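In our numbering, each number is its position in the sequence shown, counted from 1, plus 71.
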Amino acid sequence: MNDHAALGALLRSQLSSFVWKCVQTIAPGSPFLPNWHIEAIICQLMRVQLGEVSRLLINQPPRSLKSISVSVAYVAWLLGHDPTRRVIVVSYSNELAGELHRQFRMVIDSAWYQAIFPTMRPARDSGLELVTTAGGGRFATSVGGTLTGRGADIIVIDDPSKAEDACRRWRASERSSGMAARWCPGSMTKKAVLLLLSCSVCTKMIWLAIC
72 MNDHAALGAL
82 LRSQLSSFVW
92 KCVQTIAPGS
102 PFLPNWHIEA
112 IICQLMRVQL
122 GEVSRLLINQ
132 PPRSLKSISV
142 SVAYVAWLLG
152 HDPTRRVIVV
162 SYSNELAGEL
172 HRQFRMVIDS
182 AWYQAIFPTM
192 RPARDSGLEL
202 VTTAGGGRFA
212 TSVGGTLTGR
222 GADIIVIDDP
232 SKAEDACRRW
242 RASERSSGMA
252 ARWCPGSMTK
262 KAVLLLLSCS
272 VCTKMIWLAI
282 C
């Protein structure tokens, strides 16, 4: 096996290496600083992959690669292995939802990704929803956006509100958790794996409301 084939096999099998490659693709030239918290995220994502975990809460500070690791890299890696899977990724705003979807497209459109996952191909992409040729896909939306009629194998809720609003959200946590419960009903989340990424002090209230 030559070096190129060995790297491809590593990226396909090791999520930690895949995350590193995604960072280099999304932000070329930016240093990737490995740390235990990234390995901890990956360890838990692998438990999700193996079916050991159906509810995962990741509560870490901003700029700690939560979104790239989960909303971008893990979703791309998951669909690479099984393009029939349906994933919904929710962010606090349409702008962030669109940006994370753009980064996801940068990964799956890259030559290295297409080489290691040749069966994962887009059939169509609206800018917020990508559907694969196998019928799976990634749908991006914002908190409050409509999910009526949509099913998913995995729902990623990526920081449901801005970090700088944490203090205000703490005071309004009961109202926020009620809104989350109405927007993401239990009948939907019970059927899907649920991943919540947050840096909020009111995370617990939201988590309890939607689980």
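For every residue, glycine included, the Cβ atom is placed at its ideal position computed from N, Cα and C.
Quick caveat: nothing in here was measured; it's all calculated off a predicted structure.
Query: Distance between beta carbons of PRO154 and MET117, contact taken as under 8 Å; Result: The Cβ separation is near 19 Å, so there is no contact.
Query: Rounded distance between the beta-carbons of VAL161 and ILE228, thought under 8 Å; Result: 5 Å
Query: Contact test: THR212 Cβ vs the ligand FMN heavy atom, cutoff 7 Å; Result: Within the structure as shown, the ligand FMN is missing, as the structure has no ligands at all.
Query: Segment limits, alpha helix (DSSP H) that includes SER88; Result: 86-97
Query: contact_flag[the region 137-156, the region 182-198] where n(CB pairs < 8 Å) is 3 or more; Result: yes
Query: Check whether GLY207 and ARG157 have beta carbons under 8 Å apart; Result: yes
Query: Residues of its chain near ILE187, where Cβ-Cβ distance is below 6 Å and the 5 sequence neighbours each way are ignored; Result: GLY79, LEU82 and ARG83
Query: Bounding residues of the alpha helix (DSSP H) (the contiguous stretch that carries ARG118); Result: 107-120
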